[in-house]
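Working notes, beginning with the structure itself.
Number of protein chains: 2
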Amino acid sequence: MSWFRPLSSKTRRFTSLSRFSTSTSPVHHAGLGPTKAHEKPRVVVLGSGWAGCRLMKGLDPKIYDIVCVSPRNHMVFTPLLASTCVGTLEFRTVAEPIARIQPAISREPGSFFFLANCTAIDALNHVVQCESVTEGTQTIDPWKFTIAYDKLVIALGAQPTTFGIHGVYEHAIFLREVYHAQEIRRKLLLNLMMSDVPGIEEEEKRRLLHCVVVGGGPTGVEFSGELSDFIVRDVRERYSHVKDYIHVTLIEANEILSSFDVRLRQYATNQLTKSGVRLVRGIVKDVEEKKIILNDGTEVPYGLLVWSTGVGPSAFIQSLDFPKSPGGRIGTDEWLRVPTVEDIFSIGDCSGFVESTGKQPLPALAQVAERQGKYLAMLLNKIGKENGGRANSAKDFDFGEQFVYKHLGSMASIGSYKALVDLRQSKEAKGLSLAGFVSWFIWRSAYLTRVISWRNRFYVAINWATTFVFGRDISRI
Amino acid sequence: MSWFRPLSSKTRRFTSLSRFSTSTSPVHHAGLGPTKAHEKPRVVVLGSGWAGCRLMKGLDPKIYDIVCVSPRNHMVFTPLLASTCVGTLEFRTVAEPIARIQPAISREPGSFFFLANCTAIDALNHVVQCESVTEGTQTIDPWKFTIAYDKLVIALGAQPTTFGIHGVYEHAIFLREVYHAQEIRRKLLLNLMMSDVPGIEEEEKRRLLHCVVVGGGPTGVEFSGELSDFIVRDVRERYSHVKDYIHVTLIEANEILSSFDVRLRQYATNQLTKSGVRLVRGIVKDVEEKKIILNDGTEVPYGLLVWSTGVGPSAFIQSLDFPKSPGGRIGTDEWLRVPTVEDIFSIGDCSGFVESTGKQPLPALAQVAERQGKYLAMLLNKIGKENGGRANSAKDFDFGEQFVYKHLGSMASIGSYKALVDLRQSKEAKGLSLAGFVSWFIWRSAYLTRVISWRNRFYVAINWATTFVFGRDISRI
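Protein chains in written order, with the numbering used here: chain A, 3 to 479; chain B, 3 to 479.
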């Protein structure tokens with residue numbers, strides 16, 4: 003293993019950073035070495051989504067040192083992301099810093115957050131290789147380093163699916179990170195202003211103000227609903243010159259909100275149509291700079307294109323030499339362990355049960371990730387307490403209760419102060435399903451209590467109240 | 003005047019945009035033609051800073067159609083900008099959309115906001131040429147258009163001075179726009195995280211966390227104060243691994259806060275030093291990627307460099323063929339008119355009295371710009387009411403009261419809940435001057451009542467309260 007290098011004697015001149023190797027040449031081989039007997043065992047968490055953050059929140063920092071590796075230093079509260087695109091909520095309200103979720107990360111001398119990507123996993127030697135994320139900042143060189151782990155949790159999430167359609171990455175915007183929402187907002191406001199420039203052609207004006215959403219899942223529907231609320235309430239008032247030119251089209255190959263009850267689906271369809279969202283059944287064949295082309299040859303010019311057709315495993319996950327679940331995710335057993343190796347677990351959208359467990363694949367939902375994170379935190383705390391926290395020390399351990407997922411129901415907002423709540427266990431089961439203002443109220447309340455910190459709960463409430471009183475903010479910063 | 007073209011007959015197919023010419027080839031010649039007898043006279047405002055926005059707020063939309071041309075659709079509440087860099091205040095809290103300052107801009111059929119730069123002024127024909135701002139968005143072509151005006155107000159502000167020092171534009175960040183504050187915040191948080199990466203050298207860590215501010219005026223001092231508050235309160239807690247490596251240096255060629263009372267200056271110096279800000283007397287000779295070089299040869303490595311050494315006239319202002327005031331600003335008479343031409347006024351940092359008025363040049367302060375905007379709105383309303391609103395119709399008009407500036411005093415925050423308040427009329431005059439917590443309270447109260455909308459007043463109060471309770475937000479989005 004050429005890229006790993008043990009601690010050098012130079013380390014001693016560091017005080018608070020005593021476990022770093024600091025060889026000057028080549029610096030690329032520095033890293034966190036294996037934990038020593040007097041230190042706490044180290045859990046390395048790859049990723050900072052719902053699964054990873056819920057896990058870190060639950061891990062006991064008295065038992066473990068926690069090291070998180072992720073290209074972003076916050077968790078995104080994804081169910082509310084669509085609301086930030088049009089200014090109903092502020093961007094920061096849906097971002098929770100990891101240091102707030104698990105304060106030990108910034109306080110404990112052996113716990114760290116590294117703004118980096120994991121580039122390789124050496125399961126045999128219990129080491130991961132990482133590279134720091136610098137976003138092209140020229141004054142900082144990208145830095146390679148290694149981290150030895152006692153337990154490794156892979157919670158890297160998934161990436162948007164494009165079905166190999168040409169032009170999606172170049173021209174469409176996804177809706178998964180805060181910077182996506184920022185890009186959508188900037189583009190929407192730019193298009194609104196550009197369409198008002200003197201002398202612009204009718205056709206170009208319609209194109210600029212045509213917002214197309216591909217994918218009729220909860221994200222696509224929520225975004226379409228928010229957008230039509232924004233148009234009805236704010237564009238009419240603040241951009242009255244162009245208010246008759248703006249339109250929203252939602253393109254879906256099958257049914258919208260296919261996981262919901264047929265009655266709820268019908269309700270959502272009616273409601274969206276009433277708010278002015280044009281629902282189109284169609285399959286996208288090609289995406290160009292200013293238009294998309296459907297399978298039947300229809301050309302749809304657009305000014306803003308948002309793509310949300312579900313997620314699939316990333317190239318890094320696919321490249322890992324681990325057992326896989328159907329669909330190409332990292333395979334796990336009933337305790338969320340990767341079966342062929344020691345001390346590696348995987349949770350969230352990047353993982354699934356291996357076929358031999360006989361278990362159904364779980365949907366790529368925040369709810370599943372959150373439950374898995376919570377379960378694994380308890381399991382690791384239990385293992386740690388019973389002295390199984392070190393590398394290779396939990397081989398004959400009794401892992402106890404398996405992870406069992408119980409679906410609590412689905413919710414989706416559809417705009418105009420309306421939402422769907424489907425409390426059935428599965429698509430076939432019977433149970434409560436609701437639509438309308440009461441559901442919308444439940445939807446808001448449920449999210450308010452799930453936003454992690456009190457600070458953000460407070461801000462969500464304040465944002466909602468000010469949007470209600472003053473309208474949405476339209477400054478393009 | 004080859005680039006101007008009168009309204010074409012094609013215009014008729016437009017309804018809400020009836021005064022646009024819409025020739026298709028070349029489209030570059032489209033624009034707003036001269037106002038007709040049945041229409042309101044048109045005031046064109048170039049810029050959306052303190053001066054332009056205060057003017058638009060005061061103009062009577064029943065008398066005039068208002069057209070604003072600016073590369074940003076909001077006003078920046080500059081005195082609070084330094085607070086947003088470290089998360090004390092949110093970015094949107096200091097940005098006020100123009101459509102909120104003057105709602106007629108988005109409601110009246112003849113009033114517009116154009117996201118564009120003015121590229122030429124034809125004073126003889128009462129027309130300005132503009133080019134839309136697209137920020138490199140590939141799906142929108144830059145668009146040239148013209149606007150005929152009855153009254154033109156040039157309120158384009160100034161640009162940062164660099165004294166021709168090499169490397170300032172490439173490596174330093176100014177602190178004048180919201181995107182500057184965003185860049186500072188992203189860079190500061192990136193440096194904090196990068197300095198925590200395993201294996202990084204001591205020296206590089208110190209460099210990354212060395213924040214250098216050049217210029218000891220109110221902006222530089224306020225930013226240094228905010229930064230040291232952030233370090234003392236938030237970095238110590240949230241980035242405890244690197245807390246001993248972060249430092250702030252303020253470099254000034256002369257005295258800091260030179261416009262203030264000597265007693266206040268001494269107080270500020272003591273206070274900043276106590277908070278850990280290193281004050282250095284020096285002149286910058288050269289700025290390189292990772293270090294600055296002073297006149298005496300000293301090399302100062304930095305991770306973040308903020309430049310605030312005052313402002314001067316922009317290249318566009320310099321290029322205009324108008325009388326100039328000492329210092330190269332657009333020259334105006336006592337009524338803020340540009341003397342050699344009809345119907346052109348200039349206010350704010352881009353303008354100054356011509357020498358023949360015998361008046362002192364006014365400082366480049368928000369206070370001056372705001373007062374000039376207010377005065378000019380009253381003057382234009384008066385002219386409009388007395389039928390002088392049309393182009394060339396106010397030649398023999400009695401302009402009445404001249405603009406007289408009365409300095410209300412200066413304020414500057416210096417961090418640690420302390421501020422300076424200097425209520426003297428001028429540097430030589432006697433009068434009240436205060437320093438400390440009471441001043442800080444006055445400073446906050448004064449700003450709270452000056453932030454324009456109730457929405458933003460509310461958010462400033464909320465932001466300050468949450469920062470006090472929960473600390474600053476550190477998510478890097």
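C-beta: ideal position from N, C-alpha, C; glycine also.
Beta-bridge pairing of residue i - partner residues as DSSP gives them
i               : result
V471 of chain B : According to DSSP, which records beta bridges pairwise, V471 of chain B is partnered with nothing at all.
T251 of chain B : B:V214, B:R280
M195 of chain B : Per DSSP, none; premise fails for M195 of chain B.
R44 of chain A  : A:D67
G438 of chain A : A:A421
G33 of chain A  : A:T148
N- and C-terminal bounds of the beta strand (DSSP E) containing residue i
i               : result
F355 of chain B : 353-355
I123 of chain A : 114-124
Q369 of chain A : Run containing Q369 of chain A: none in the beta strand (DSSP E); it sits in the alpha helix (DSSP H), 368-387.
E133 of chain A : 129-134
L422 of chain B : 420-424
Buried or exposed by the 16-neighbour rule on C-beta atoms within 10 Å, applied to residue i
i               : result
G402 of chain A : exposed
Y483 of chain A : Residue 483 of chain A lies beyond the stretch modelled for chain A, which goes from 3 to 479, so this question has no answer here.
Y181 of chain A : exposed
Q369 of chain B : buried
G166 of chain A : exposed
P365 of chain A : exposed
I103 of chain B : buried
T37 of chain B  : buried
V440 of chain A : exposed
K64 of chain A  : exposed
T24 of chain A  : Its pLDDT being 38, under 50, T24 of chain A is placed unreliably by the model, and the measurement read from it follows with that caveat. By the 10 Å Cβ count, T24 of chain A comes out buried.
N458 of chain B : buried
Anticipated Cβ contact below 8 Å, residue i with residue j, distance rounded
i               : j               : result
G375 of chain B : R109 of chain B : G375 of chain B to R109 of chain B, Cβ: 21 Å. No contact.
S412 of chain A : S260 of chain A : S412 of chain A to S260 of chain A, Cβ: 11 Å. No contact.
V234 of chain B : V155 of chain B : Actually they do not touch by this definition, with Cβ atoms about 44 Å apart.
G350 of chain A : G159 of chain A : 6 Å
L307 of chain B : H173 of chain B : 6 Å
P363 of chain B : S327 of chain B : 6 Å
G169 of chain B : D335 of chain B : The pair is not a contact, with the Cβ atoms about 40 Å apart (cut-off 8 Å).
K42 of chain B  : G112 of chain B : 6 Å
L281 of chain B : L252 of chain B : 5 Å
V356 of chain A : G391 of chain A : Incorrect: roughly 25 Å between the Cβ atoms, too far for contact.
A467 of chain A : Y269 of chain A : A467 of chain A to Y269 of chain A, Cβ: 27 Å. No contact.
A379 of chain A : G49 of chain A  : With a Cβ gap of about 14 Å, A379 of chain A and G49 of chain A do not count as contacting.
V69 of chain A  : F114 of chain A : 5 Å
W445 of chain B : A421 of chain B : 4 Å
S277 of chain A : S230 of chain A : 4 Å
W309 of chain A : I186 of chain A : Not a contact, Cβ separation roughly 11 Å.
First and last residue of the uninterrupted alpha helix (DSSP H) at residue i
i               : result
R56 of chain A  : 52-60
A106 of chain B : 106-109
S412 of chain B : Taken as a continuous stretch (DSSP letters only), S412 of chain B belongs to no alpha helix (DSSP H), being part of the beta strand (DSSP E) at 412-417.
E224 of chain A : 220-232
The ligand HEM heavy atom lying under 7 Å from the CB of residue i
i               : result
G375 of chain A : With respect to small molecules bound, the structure shown includes none, and the ligand HEM cannot be examined in it.
**Message:** As an exercise, report each continuous beta strand (DSSP E) stretch of at least 3 residues that is fully enclosed by the stretch 287-350 of chain A, in chain order.
**Reply:** Every beta strand (DSSP E) of 3 residues or more that sits fully in the stretch 287-350 of chain A is shown, in chain order, as 293-296, 301-303, 306-309, 332-334, 346-348.
**Request:** Could you pull out every unbroken alpha helix (DSSP H) segment of at least 4 residues lying fully inside the stretch 148-175 of chain A, listed in chain order?
**Result:** Secondary structure remark: continuous alpha helix (DSSP H) runs of at least 4 residues inside the stretch 148-175 of chain A, in chain order: 170-173.
**Message:** My parser needs the beta strand (DSSP E) runs of 3 or more residues fully inside the stretch 67-101 of chain A; what are they?
**Reply:** The qualifying runs are 67-72, 76-78, 97-99.
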